[in-house]
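Just so you know, full-length UniProt numbering puts 437 at position 437 of the sequence shown, and the rest follows in order with no gaps. This report refers to the structure that appears directly beneath it.
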Amino acid sequence: MNLGLDNVRLRNKMLIVFCLAVFAPLIITDYIFYSVTASNVKAQRMAEIERSVEQVKNEFRSEVEDAVTISSGFYTDHLLNEIIEAKYENPADYIEAYDSYLRRILNSFTPVYHSVQAVTIYVDNTTLLYSGGIAFMSDEVKRSNWYRLAASSKLSQPLLVQTGANPELLDTFSIIREMDYYSSHKADNKVLKVDLRTDAVRKIFTNVNFQGNLYLLNPRNEVAFSTDPASTWATEQVQFDPSAMPKDTIVVQADYAYINLLNGWRIVATVAEHEVLREVQKSRNFIVWSAFAIILLPTLIIVWTTRSVNARIIQILKQMKRVQTQSFEPIPHVEARDEIGQLAAQFNRMTFTIKSLIDDVYVADIQRKSLELERRQAQLNALQSQINPHFLFNALETIRMRSLMKEEKETAKIIHNMAKIFRNSLTWNKDRVTVKEELELVVCFLEIQKYRFEDKLRYDINVSPEVYGITLPKLTFLPFVENASIHGIESLKSGGRIAIAITREGDMLHFVIEDNGAGMHEDKVAQLLRYLKQEEAMGERIGVQNVLYRMKLYYGERFEFQVASAPGAGTRITLGIPIEIEQ
């Protein structure tokens, strides 16, 4: 089963093989490889982003836990609580207590916890000097946002809130905790505030390995911190709205689960899809270039191989077409040993053989046929020369006998007709004549015969007007007219009649001559018909046999000859001559 490829050119077949066996499989394989690779790279990149977000989550939790650890130390410090709750009558007593213990305790976190910016204890004990980490619980403090948030919850538990240098700026994270560990001191209002270092928090959120924005959301879904420069989280409460993000934004989040202090807090990362696909695009570029290189090499090899096959086959085909125009030139530079090279070598040998056969056989045959045509032309000339003496002899004999019997002016007319016949017979360079020219000779001959037989001979010539210009071999009708008068009418005493009719039917010229003379026996008629089948040389034969032989040479089987005769009933002869158009 060839699937209809027999009519497809070899070059196109090679192209089909390349597309189906090389190009298409490579494209499909590269597409599958790219899809799998892109999926893996995307998944890997997403995993890296998730790990980065998880790392930010853990680092921020660690910072918060450090601050909580510090707050727990202050919260459970019995001596600290006694010092800030004591009533001092003399400020010097407080300064002595501060220098002896509070200064060291309030500054002890600095060399250990670099993420903690400051620790402040707010108290409403008016006997204290408010400095060095001890601040007065004023009405302004109680009106602050962070204090109200702390008052609305259980202050004995740490609370993460946003604070700032002024109420309009919330750029600092603080751990708020009421210092009520010792129930005997609950008469005094004491609140601990541990501030995280803003630079340390910012460093945690910016130290990521992807291009995107990070958001720290509180339990109320408000943005507590963000790396987005367009966000106003530090000056106002901003709700986080994922639907406001661009359509190609990928959102990754990490929740703080099972951590009381951070319960409800979460970290959200927004990354543009092209950032995730950047590595995929790198992989795609690598795959595209590698696929191009993989396709290019087989393509060059196939083009090189196809050119070796296709170009030589086209050359052989061109040489075959030249052979049709008898240009037997061999294919040049046939040196290859493959099948096409062997085919070209065999074609060159075949071309040489054909050329040799043409030179040895065809040309020799042409020469032989040319010699045969020359021989037949000479024979035709000889045949014509045989007719003329015979005819002239009879005509001259008639004139001689008539002139001896009486002297008449009619002799001049006869001699004139005889001169026309004689002059025409001497024109050898004109082998074909028109019907009109041939009839002139026939009329001249019949006038001579009528002069000879007087009233014993009457003739009637009926010719279609359209046949006068048709050409035929010279002296075709005259021998039959001569036979009709000499062999047919001469033996009659009187009433001799010769009727001639020349017509055209299609592409045939019909000449019919009929006389009422002596007629012929059957053996004589059969002998005339046999003349058409004889191939031997004419020799000295003349008359009707000469005409028939010439007609065979000119027209072959196309010439028609019919004889109808019987003793005492006259003779009717019909000639069918093919009409040949003169070039």
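Each residue gets a CB set at the ideal place from its N, CA and C atoms; glycine is no exception.
Straight across, the Cα-Cα distance linking alanine 97 with asparagine 107 is about 15 Å. In the DSSP assignment, histidine 521 falls outside any alpha helix (DSSP H) and carries neither an H nor an E.
The beta carbon of valine 252 sits closer than 6 Å to the beta carbons of Ile49, Glu50, Val53 and Ala269 from its chain, once the five residues preceding and following it are set aside; these are given in chain order. By the Cβ-count criterion, phenylalanine 477 is buried, with 16 or more other Cβ atoms from all chains shown falling within 10 Å of its own Cβ.
For the pair tyrosine 531 and histidine 487, the Cα-to-Cα distance works out to about 19 Å. Listed in chain order, the beta strand (DSSP E) elements of length 3 or more contained wholly in the segment 225–310 are 249–255 and 266–272. Contact between glutamine 162 and phenylalanine 173 holds: their C-beta atoms lie close to 6 Å from each other, under 8 Å. If you ignore the 5 residues before and after aspartate 195, its C-beta comes within less than 6 Å of the C-beta of Gln117, Ala118, Thr172 and Ser174, all in its own chain and listed in chain order. By the beta-carbon neighbour count (other beta carbons within 10 angstroms, threshold 16), asparagine 483 is buried. Taking C-beta separations shorter than 6 Å and ignoring five residues to either side along the sequence, the partners of valine 191 in its chain run Tyr122 and Glu178, following chain order.
Rounded to the nearest angstrom, the gap between the Cα atoms of asparagine 213 and proline 229 is 9 Å. In this structure aspartate 515 is buried. Its beta-carbon is surrounded by 16 or more other beta-carbon atoms within 10 angstroms. Aspartate 195 is bridged by DSSP to Ala118 and Ser174. If you draw a straight line from the Cα of aspartate 248 to the Cα of tyrosine 147, it comes to about 41 Å. Within the segment 120–153, the alpha helix (DSSP H) runs of at least 4 residues that lie entirely inside it are, in chain order, 139–143 and 145–151. One Cα belongs to asparagine 189, the other to tyrosine 256, and the distance between them is close to 31 Å. Listed in chain order, the non-local C-beta contacts of threonine 434 below 7 Å within the same chain comprise Tyr468, Gly469, Ile470 and Thr471, local neighbours out to five positions each way being set aside. In this structure, DSSP gives aspartate 455 a helical state, which the three-state scheme calls helix. Here glutamate 63 is buried: its Cβ has 16 or more other Cβ atoms, across all protein chains shown, within 10 Å.
Taking the Cα of asparagine 166 as reference, the smallest distance to any Cα among Leu160, Thr351, Arg143 and Asp180 is reached at Arg143. Between phenylalanine 23 and isoleucine 358 a beta carbon distance of about 49 Å is seen, past the 8 Å cut, so the two are scored as non-contacting. Assignment of beta-bridge partners to methionine 508 by DSSP yields Glu505 and Pro578.
When rounded, the separation of the alpha-carbon atoms in serine 153 and arginine 284 is 55 Å. Rounded to whole angstroms, the Cβ separation of isoleucine 314 and leucine 343 is 13 Å, and the two are not in contact under 8 Å. Taking one beta carbon from each stretch, the segment 571–581 and the segment 553–562 have 3 or more pairs nearer than 8 Å; the two touch. The beta carbons of aspartate 507 and proline 578 sit closer together than 8 Å.
Here alanine 272 has Gln211, Gly212, Pro246, Asp248, Thr249 and Ile250 as same chain residues with Cβ atoms under 8 Å from its own Cβ, once five neighbours each way along the sequence are excluded.
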